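Below is one structure, written out as C-alpha coordinates; comments come after it.
Numbering (this note's numbering), first residue to last: 223 to 413.
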(Lines of atoms letter the chains of each structure in order from A and count residues from 1; the text may use other names and numbers.)
(Lines give C-alpha, C1' and ligand atoms only; values in the text may rest on other atoms or scores of the structure.)
Protein backbone atom coordinates (compact mmCIF):
# COMPACT_ATOMS: atom_id res chain seq x y z
CA UNK A 1 0.00 0.00 0.00
CA UNK A 2 3.00 2.36 0.31
CA UNK A 3 4.03 1.94 -3.37
CA UNK A 4 7.33 0.25 -2.45
CA UNK A 5 7.04 -2.18 -5.37
CA UNK A 6 6.26 0.55 -7.90
CA UNK A 7 9.06 2.82 -6.65
CA UNK A 8 11.61 -0.02 -6.57
CA UNK A 9 10.64 -1.16 -10.07
CA UNK A 10 10.93 2.39 -11.44
CA UNK A 11 14.44 2.58 -9.97
CA UNK A 12 15.43 -0.65 -11.71
CA UNK A 13 15.36 -2.87 -8.62
CA UNK A 14 14.39 -6.48 -9.22
CA UNK A 15 11.39 -7.25 -7.02
CA UNK A 16 11.06 -10.85 -5.87
CA UNK A 17 7.79 -12.46 -4.81
CA UNK A 18 7.93 -15.45 -2.47
CA UNK A 19 5.08 -17.92 -2.15
CA UNK A 20 3.87 -18.27 1.46
CA UNK A 21 6.36 -15.62 2.59
CA UNK A 22 8.22 -15.64 5.87
CA UNK A 23 11.39 -13.76 6.66
CA UNK A 24 13.74 -16.77 6.32
CA UNK A 25 12.12 -17.83 3.03
CA UNK A 26 12.48 -14.30 1.68
CA UNK A 27 16.09 -14.02 2.83
CA UNK A 28 16.99 -17.36 1.25
CA UNK A 29 15.22 -16.45 -2.00
CA UNK A 30 17.19 -13.20 -2.21
CA UNK A 31 20.44 -14.99 -1.45
CA UNK A 32 19.73 -17.53 -4.17
CA UNK A 33 19.57 -14.73 -6.75
CA UNK A 34 22.67 -12.94 -5.47
CA UNK A 35 25.91 -13.54 -7.35
CA UNK A 36 28.47 -11.88 -5.07
CA UNK A 37 30.80 -13.81 -2.75
CA UNK A 38 29.59 -11.70 0.20
CA UNK A 39 25.93 -11.30 1.24
CA UNK A 40 24.39 -8.51 3.31
CA UNK A 41 20.95 -8.85 4.89
CA UNK A 42 19.15 -5.74 6.15
CA UNK A 43 15.71 -5.54 7.76
CA UNK A 44 13.24 -3.15 6.12
CA UNK A 45 13.19 -0.89 9.20
CA UNK A 46 16.99 -0.66 9.44
CA UNK A 47 19.24 1.91 7.78
CA UNK A 48 22.91 0.94 7.30
CA UNK A 49 25.71 3.42 8.01
CA UNK A 50 26.85 5.56 5.08
CA UNK A 51 30.10 3.62 4.53
CA UNK A 52 28.61 0.17 5.25
CA UNK A 53 29.94 -1.48 2.08
CA UNK A 54 33.53 -0.36 2.65
CA UNK A 55 33.35 -1.36 6.32
CA UNK A 56 32.04 -4.84 5.48
CA UNK A 57 34.67 -5.31 2.75
CA UNK A 58 37.42 -4.25 5.17
CA UNK A 59 36.15 -6.80 7.71
CA UNK A 60 35.88 -9.58 5.11
CA UNK A 61 39.09 -11.33 6.08
CA UNK A 62 38.37 -14.73 4.56
CA UNK A 63 35.79 -17.04 3.03
CA UNK A 64 34.18 -17.64 6.43
CA UNK A 65 33.56 -13.96 7.20
CA UNK A 66 30.38 -12.99 8.99
CA UNK A 67 29.19 -10.39 11.44
CA UNK A 68 27.00 -7.40 12.09
CA UNK A 69 27.02 -3.76 13.08
CA UNK A 70 26.02 -2.28 16.42
CA UNK A 71 22.74 -0.40 16.38
CA UNK A 72 21.18 2.84 17.48
CA UNK A 73 17.44 3.54 17.62
CA UNK A 74 15.85 6.38 15.66
CA UNK A 75 14.68 7.77 19.00
CA UNK A 76 16.39 9.83 21.68
CA UNK A 77 14.62 8.07 24.54
CA UNK A 78 17.17 7.56 27.31
CA UNK A 79 16.25 3.94 28.07
CA UNK A 80 16.74 2.95 24.43
CA UNK A 81 20.33 4.17 24.60
CA UNK A 82 21.07 1.30 27.01
CA UNK A 83 19.81 -1.26 24.49
CA UNK A 84 21.90 0.40 21.79
CA UNK A 85 25.04 0.45 23.93
CA UNK A 86 24.67 -3.28 24.70
CA UNK A 87 25.01 -4.16 20.99
CA UNK A 88 28.75 -3.43 21.37
CA UNK A 89 29.04 -6.55 23.52
CA UNK A 90 29.90 -9.95 22.05
CA UNK A 91 26.96 -11.78 23.66
CA UNK A 92 24.16 -13.57 21.83
CA UNK A 93 21.25 -12.05 23.73
CA UNK A 94 21.94 -8.68 22.09
CA UNK A 95 22.54 -10.06 18.59
CA UNK A 96 19.77 -10.27 16.04
CA UNK A 97 18.58 -9.15 12.67
CA UNK A 98 18.16 -5.51 13.61
CA UNK A 99 21.93 -5.11 13.42
CA UNK A 100 21.91 -6.51 9.88
CA UNK A 101 24.09 -9.48 8.93
CA UNK A 102 26.95 -9.83 6.49
CA UNK A 103 28.11 -13.33 5.64
CA UNK A 104 30.29 -14.90 2.99
CA UNK A 105 28.46 -16.89 0.34
CA UNK A 106 30.67 -19.87 1.18
CA UNK A 107 29.69 -19.85 4.87
CA UNK A 108 26.02 -19.16 4.04
CA UNK A 109 25.96 -22.17 1.70
CA UNK A 110 27.81 -24.33 4.24
CA UNK A 111 25.02 -23.51 6.73
CA UNK A 112 22.31 -24.16 4.09
CA UNK A 113 21.17 -20.58 4.61
CA UNK A 114 18.44 -19.56 7.01
CA UNK A 115 16.36 -22.35 8.46
CA UNK A 116 12.92 -21.82 6.99
CA UNK A 117 11.20 -23.50 9.94
CA UNK A 118 12.49 -20.62 12.12
CA UNK A 119 9.74 -18.06 11.58
CA UNK A 120 11.22 -16.21 14.54
CA UNK A 121 14.79 -16.27 15.87
CA UNK A 122 16.13 -17.01 12.37
CA UNK A 123 18.92 -14.48 12.85
CA UNK A 124 20.00 -15.95 16.18
CA UNK A 125 19.91 -19.41 14.66
CA UNK A 126 22.18 -18.62 11.70
CA UNK A 127 24.64 -16.74 13.94
CA UNK A 128 24.67 -19.61 16.45
CA UNK A 129 25.34 -22.18 13.71
CA UNK A 130 27.89 -19.95 11.96
CA UNK A 131 29.95 -19.53 15.13
CA UNK A 132 30.83 -23.23 14.90
CA UNK A 133 32.83 -22.46 11.75
CA UNK A 134 33.93 -18.84 11.98
CA UNK A 135 34.57 -15.86 14.23
CA UNK A 136 31.64 -13.44 14.39
CA UNK A 137 32.67 -9.78 13.95
CA UNK A 138 30.89 -6.77 15.40
CA UNK A 139 31.65 -3.69 13.33
CA UNK A 140 31.99 -0.57 15.46
CA UNK A 141 29.50 1.60 13.62
CA UNK A 142 25.74 1.82 14.02
CA UNK A 143 22.83 0.89 11.83
CA UNK A 144 19.75 2.98 12.63
CA UNK A 145 16.76 0.89 13.77
CA UNK A 146 13.12 1.91 14.05
CA UNK A 147 11.93 2.27 17.65
CA UNK A 148 8.26 1.84 16.71
CA UNK A 149 7.92 -1.35 18.74
CA UNK A 150 8.77 0.71 21.83
CA UNK A 151 6.25 3.38 20.85
CA UNK A 152 3.40 0.84 20.96
CA UNK A 153 4.62 -1.12 24.01
CA UNK A 154 6.20 -0.18 27.34
CA UNK A 155 10.01 -0.43 27.37
CA UNK A 156 10.05 -3.01 30.18
CA UNK A 157 7.45 -5.17 28.41
CA UNK A 158 9.42 -5.38 25.15
CA UNK A 159 12.66 -6.24 26.95
CA UNK A 160 11.09 -8.83 29.25
CA UNK A 161 9.27 -10.37 26.28
CA UNK A 162 12.50 -10.50 24.27
CA UNK A 163 14.27 -12.17 27.21
CA UNK A 164 11.49 -14.76 27.61
CA UNK A 165 11.46 -15.64 23.91
CA UNK A 166 15.27 -15.74 23.75
CA UNK A 167 15.45 -18.04 26.81
CA UNK A 168 12.73 -20.38 25.54
CA UNK A 169 14.47 -20.54 22.15
CA UNK A 170 17.66 -21.72 23.85
CA UNK A 171 15.65 -24.21 25.89
CA UNK A 172 14.34 -25.72 22.64
CA UNK A 173 10.80 -24.36 22.24
CA UNK A 174 9.60 -24.68 18.64
CA UNK A 175 9.63 -21.59 16.42
CA UNK A 176 5.85 -21.87 15.89
CA UNK A 177 5.18 -21.71 19.62
CA UNK A 178 7.72 -18.92 20.08
CA UNK A 179 6.07 -16.88 17.33
CA UNK A 180 2.62 -17.28 18.86
CA UNK A 181 3.92 -16.38 22.31
CA UNK A 182 5.77 -13.29 21.06
CA UNK A 183 2.66 -12.06 19.23
CA UNK A 184 0.66 -12.41 22.44
CA UNK A 185 3.26 -10.69 24.64
CA UNK A 186 3.61 -7.42 22.69
CA UNK A 187 1.90 -5.47 19.92
CA UNK A 188 3.75 -5.59 16.62
CA UNK A 189 3.10 -2.45 14.58
CA UNK A 190 3.58 -2.55 10.83
CA UNK A 191 5.78 -0.01 9.07
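Every residue, glycine too, gets a C-beta built ideally from N, C-alpha and C. This one's a predicted model, so the numbers in the text were calculated from it and none came from an experiment.
- Under the DSSP definition of a beta bridge, residue 269 partners with 366.
- Within the region 271-333, the runs of beta strand (DSSP E) that reach at least 3 residues and sit entirely inside it are, in chain order, 288-295, 323-326.
- DSSP places residue 385 in the helix class (H, G or I) of the three-state scheme.
- A direct Cα-to-Cα measurement between residue 238 and residue 380 gives close to 32 Å.
- If the five residues before and after residue 251 are omitted, its C-beta is found closer than 7 Å to the C-beta atoms of 238, 240, all from its own chain and listed in chain order.
- Looking at the DSSP output, residue 359 bridges to 289.
- Within the same chain, 391, 397, 400 come within 7 Å of residue 343 by CB-CB distance, once the 5 residues on both sides are set aside.
- Here residue 255 carries a helix assignment [DSSP, helix/strand/coil].
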